[in-house]
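Top line first, the protein sequences correspond to chains A and B. With the working numbering as the guide, the letters of the first sequence map in order to residues 1 to 304. With the working numbering as the guide, the letters of the second sequence map in order to residues 1 to 415. The beta carbon of each residue, even a glycine, is placed where N, CA and C say it ideally should be.
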Amino acid sequence: MKQGFSWRVLVFITPALLVYAVFSALPLLDTLRLGLYSTDENGLRSFSGLANYATILHDPQWSASFWNAMLNNLKFFGIHMLVQNPIGLLLAALLSLRKVRFATFYRTVFFLPTLLSVVIVGFVWQLILSPLWGVSERLLGWVGLESWFAPWLGLESSALTTLSLMSVWQFVGMPMMLIYAAMIAIPEDVIEAAVVEGASPWRIFYEIRLPLILPTLGLVTILTFVANFNAFDLIYTVKGGLAGPNYSTDILGTLFYRTFFGYQSQVASPTMGAAVATLMFLVILLGVGFYFLLVQRRLQRFAL
Amino acid sequence: MRTPFHLTATALALVCSGFAHAGNLTIESWRVDDKPLWEDVLLPAFYKSNPGITVKFLPTSPPEYDSALNTRLTAGTAGDLITCRPFDVSLDLAKKGYLEKLNGIPGLKNFPESAQVAWQSDDGKSTHCMPMASVIHGFFYNKKIFADLGLAVPVTEADFFTVLDKIKAAGKATPLALGTADQWETNQIVFTGIGPNHWKGEEGRKGLISGKQKFTDPAFVSTWETMAKWAPYLSKGYQAQTYGDSQNLFGAGRAAIYPTGSWDISYFEQNSKVDFGAFKPPVQKAGDACYISDHTDIGMGINSKSKNKADAQTFLNWLASKEFADLYTNKATGFFSLSSHAIEVKNPVAKEMISWRGQCKSTIRLNAQIMNRGTPSMENELWNVSSQVMNLKMAPKDAAQQIQAGFAKWYAPAK
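This is the structure we're talking about:
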């Protein structure tokens with residue numbers, strides 16, 4: 001059926017389009033443009049082509065911090081994928097079982113931290129893990145593991161993992177809710193048919209539920225990816241703009257902040273910062289593009 | 001990101017300009033803690049001699065101040081009076097034309113040349129902020145713990161470590177309240193606090209700027225070596241201890257010595273009952289001349305786009321008066337006026353600290369002038385390597401090498 005151009009659609013779209021254009025698209029384009037300029041010491045801006053990118057990728061100092069941030073960001077993302085999403089899936093699977101008592105209560109409890117401000121999460125965990133006032137050492141002592149305790153947030157080897165796990169603790173409710181919604185959307189008769197056929201609960205999960213929620217898992221993955229590569233607030237709250245010790249918790253977001261806004265005596269460089277932001281944008285764009293082109297197409301075959 | 005900001009900012013500016021009329025001034029500052037002081041003490045005193053001008057003190061929290069101020073200045077919405085960081089951060093604003101030149105303004109005559117350097121162009125020809133106050137670095141000690149253990153205030157580094165050993169052996173209190181989680185203390189308090197005794201204050205600082213000395217020289221490496229020796233006297237898990245934790249530890253009487261600067265006097269007076277005194281950074285050998293870090297920390301300038309420059313000048317001249325010097329020194333305890341007026345300091349700890357100016361030679365924080373300008377930012381690098389040294393993750397000579405290499409990268413005389 002062929003339809004003519006509908007003016008009504010335009011009327012409904014325009015306000016959102018305008019807001020999106022002014023507050024999202026234009027600034028994004030302006031950032032891309034700004035990354036091509038450089039500022040001299042008197043604040044004068046001049047066009048410099050790809051010079052900023054050359055500096056970030058080729059200058060030993062800049063490229064070291066850029067790749068360090070990128071690697072840390074990948075680890076940050078990796079821990080979310082390995083810990084947050086499987087736990088989210090597990091919780092969702094348990095909650096969607098038919099005979100769970102207090103399911104709503106658990107759902108709320110697991111989702112609650114997501115609603116907390118990152119500043120509170122950072123502060124509370126810092127207190128819990130504090131070697132001076134924290135309870136972790138005593139709690140470990142109760143099970144005889146006192147010697148395992150270390151100032152995790154202060155050690156190069158463990159700070160990033162600790163921060164990632166804090167973030168996992170806060171956001172595990174998100175994948176849980178999304179997967180839960182997908183699971184309860186699975187038609188009962190499909191499951192019942194399987195039960196009648198004598199399939200074990202494990203087999204039902206593995207061969208019916210899981211394939212049916214794969215698109216949601218893909219969505220969760222890409223949402224986690226975008227959120228992690230945009231992350232900034234938790235690291236900044238707990239470790240400050242220098243993301244110590246020795247930049248071991250520095251991710252692209254904190255690197256961008258230091259460059260764009262400056263930090264302490266580091267003088268801000270909006271043009272250089274815009275270049276870092278553009279690189280972040282490209283990383284996310286690549287990730288999302290990869291997902292849409294290669295992953296999602298295959299997943300849709302399973303959708304009901 | 002900029003375009004909508006401009007729009008919003010212009011809209012805001014339009015709205016605000018409706019309220020702004022002659023006689024109104026606003027102050028941009030990072031000293032959030034000083035808000036009651038300004039509102040209850042300083043501004044009422046100013047109104048007495050200057051009726052008709054009203055001033056609003058609108059601070060932004062310290063870590064956000066520089067970036068927020070930059071954004072507001074770019075957008076044209078910043079306040080009339082700008083609280084100035086020392087040296088390069090303000091110089092950068094002045095170079096971009098955001099700060100009014102203060103040359104010839106009468107109040108400047110009340111300050112010695114050395115107090116003005118922090119807010120002048122490199123050639124010293126133009127001044128862009130009125131000096132307000134400096135902070136002095138040193139150590140606080142818990143008088144009760146010292147008395148119980150029969151300890152005397154240390155003078156040399158050897159004394160210092162003997163005292164630390166005794167406190168550690170007694171096992172009742174943490175010898176040193178310091179952590180490396182926030183990183184800045186290891187540079188701004190420890191390295192530039194105890195270092196002047198090693199590099200002979202201004203001699204070492206100017207030597208680095210002229211290129212005659214290097215960070216890899218013994219005077220600088222030995223400072224890091226001394227810092228590394230502090231590690232056994234810090235609390236367990238000090239790598240995750242924040243500045244606030246250290247303050248609490250000392251304030252609760254659970255630590256004997258607290259390396260700090262005079263700005264912390266008012267904090268402990270308001271927030272703890274601990275009875276404390278101050279001693280200056282120990283010298284290397286008995287009889288050595290002593291040096292203190294007497295850091296010009298805070299100044300105030302005029303926004304070049306202010307609509308009310310005449311009143312702003314009146315205000316700055318009042319900042320240069322004896323009345324202000326007296327009020328600020330005695331009410332913002334631990335911030336010492338930079339003017340040449342003779343002020344009697346009432347707080348005993350503050351009095352002790354300011355007396356060091358007469359006994360030792362003053363210097364400013366090592367990297368405050370010129371050295372922070374390039375990329376990599378030396379300040380940030382120093383936070384990082386000094387924390388690594390105190391965490392025993394980096395050897396002092398490697399720390400020195402990294403700083404020197406970063407400096408030589410952009411600063412010709414250091415090559």
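Identity of the residues DSSP links to residue i by a beta bridge
i: A:L255; result: None, per the DSSP bridge assignment.
i: B:P59; result: B:S29
i: B:L443; result: Nothing about residue 443 of chain B can be read from this structure; chain B reaches only from 1 to 415.
i: B:D294; result: B:I136
i: B:C84; result: B:G299
i: A:Y37; result: A:F47
i: A:L139; result: According to DSSP, A:L139 bridges with nothing at all.
i: B:N142; result: B:F276
i: B:S222; result: BP columns for B:S222 are empty, so no partner.
i: B:V283; result: B:T156
i: B:S337; result: B:A133
i: B:L102; result: Answer is none; B:L102 lacks a bridge partner.
Simplified DSSP assignment, three categories, for residue i
i: A:E146; result: helix
i: B:K361; result: strand
i: B:F46; result: helix
i: B:N303; result: strand
i: B:I257; result: strand
i: B:S67; result: helix
i: A:V190; result: helix
i: B:M394; result: coil
i: B:N24; result: strand
i: B:K409; result: helix
i: B:Q404; result: helix
Proximal chain B residues relative to residue i, where beta-carbon distance stays under 8 Å
i: A:G122; result: The premise fails here: A:G122 is roughly 11 Å from chain B at the closest Cβ pair, so nothing lies under 8 Å.
i: A:F47; result: The premise fails here: A:F47 is roughly 16 Å from chain B at the closest Cβ pair, so nothing lies under 8 Å.
Residues of its chain near residue i, where Cβ-Cβ distance is below 7 Å and the 5 sequence neighbours each way are ignored
i: B:S339; result: N110, F111, A320 and A325
Same chain, Cβ closer than 8 Å to residue i, five either side skipped, listed in chain order
i: A:Q296; result: P215 and G218
i: A:L127; result: W133 and G134
i: B:P4; result: Here B:P4 scores only 47 on pLDDT, less than 50, and its place in the model should not be relied on; the value that follows carries that caveat. There are no such residues.
i: A:F77; result: T224, F225, N228 and F229
i: B:A173; result: N142, I145, I167, G253, R254, A255 and A256
i: A:F232; result: I251, G253, T254, F256 and Y257
Range of the contiguous beta strand (DSSP E) that encloses residue i
i: B:I167; result: Per DSSP, B:I167 belongs to no beta strand (DSSP E); it is in the alpha helix (DSSP H), E157 to A170.
i: B:D80; result: Segment: none, B:D80 is in no beta strand (DSSP E) and carries neither H nor E.
i: B:F279; result: F276 to F279
Residues that residue i contacts on chain B, provided the C-beta gap is smaller than 7 Å
i: A:L242; result: Q183, N380, W383 and N384
i: A:A156; result: Note on identity: in this sequence residue 156 of chain A is Glu, with Ala being the wrong assignment. Ordered by position in chain B, the residues that pass the 7 Å Cβ test against A:E156 are K393.
i: A:P389; result: For residue 389 of chain A there is no data in the structure shown, the boundaries of chain A being 1 and 304.
Partner residues on chain A for residue i, Cβ-Cβ distance less than 7 Å
i: B:N372; result: S265
i: B:A400; result: Residues of chain A passing the Cβ test: none, with the nearest at roughly 16 Å.
Contacts that residue i makes with chain A (C-beta to C-beta distance below 8 Å)
i: B:V249; result: With the sequence shown as reference, residue 249 of chain B is identified as Leu, and Val is not the correct amino acid for it. Near B:L249 (Cβ distances below 8 Å), the residues of chain A are L132.
i: B:K96; result: N42 and G43
i: B:A256; result: Correct list: empty, because the minimum Cβ distance to chain A is about 15 Å.
i: B:P376; result: Q61
Chain-ordered neighbours of residue i on chain B, where CB pairs are closer than 9 Å
i: A:F205; result: The premise fails here: A:F205 is roughly 41 Å from chain B at the closest Cβ pair, so nothing lies under 9 Å.
i: A:N246; result: N384, V385, S387, Q388, N391, K393 and M394
i: A:F261; result: E64, D66, S67, A68, N70 and T71
First and last residue of the uninterrupted alpha helix (DSSP H) at residue i
i: A:L270; result: The amino acid at residue 270 of chain A is misidentified as Leu; the sequence shows Pro. Where A:P270 is concerned, the enclosing alpha helix (DSSP H) stretches over P270 to F290.
i: A:T108; result: A103 to L115
i: A:F225; result: L210 to F229
i: A:I13; result: W7 to Y20
i: A:Q61; result: P60 to I79
i: B:G124; result: Careful: B:G124 lies outside any alpha helix (DSSP H) and carries neither H nor E.
i: B:F268; result: I265 to N271
i: B:Y328; result: K322 to K331
i: A:V124; result: V118 to L129
i: B:M371; result: Neither: B:M371 is in no alpha helix (DSSP H) and is coded neither H nor E.
i: A:T162; result: A159 to F171
i: A:R203; result: P201 to I204
Residues near residue i in its chain [Cβ-Cβ closer than 6 Å; skip 5 each side]
i: B:K331; result: L37 and V41
i: B:W356; result: K280 and I292
i: B:S246; result: A177, L178 and G179
i: B:I354; result: F336 and V345
i: B:P196; result: Y291, S293 and T363
beta-carbon residue i near the ligand COA non-hydrogen atom, thresh 7 Å
i: A:Y37; result: Absent from the structure shown: the ligand COA. Ligands present: none.
Beta-carbon neighbours of residue i, restricted to chain A and to distances below 9 Å
i: B:N142; result: The contacting residues do not exist; B:N142 stays about 17 Å from chain A at best.
i: B:S235; result: P131 and L132
i: B:V89; result: G262, Q264, S265 and V267
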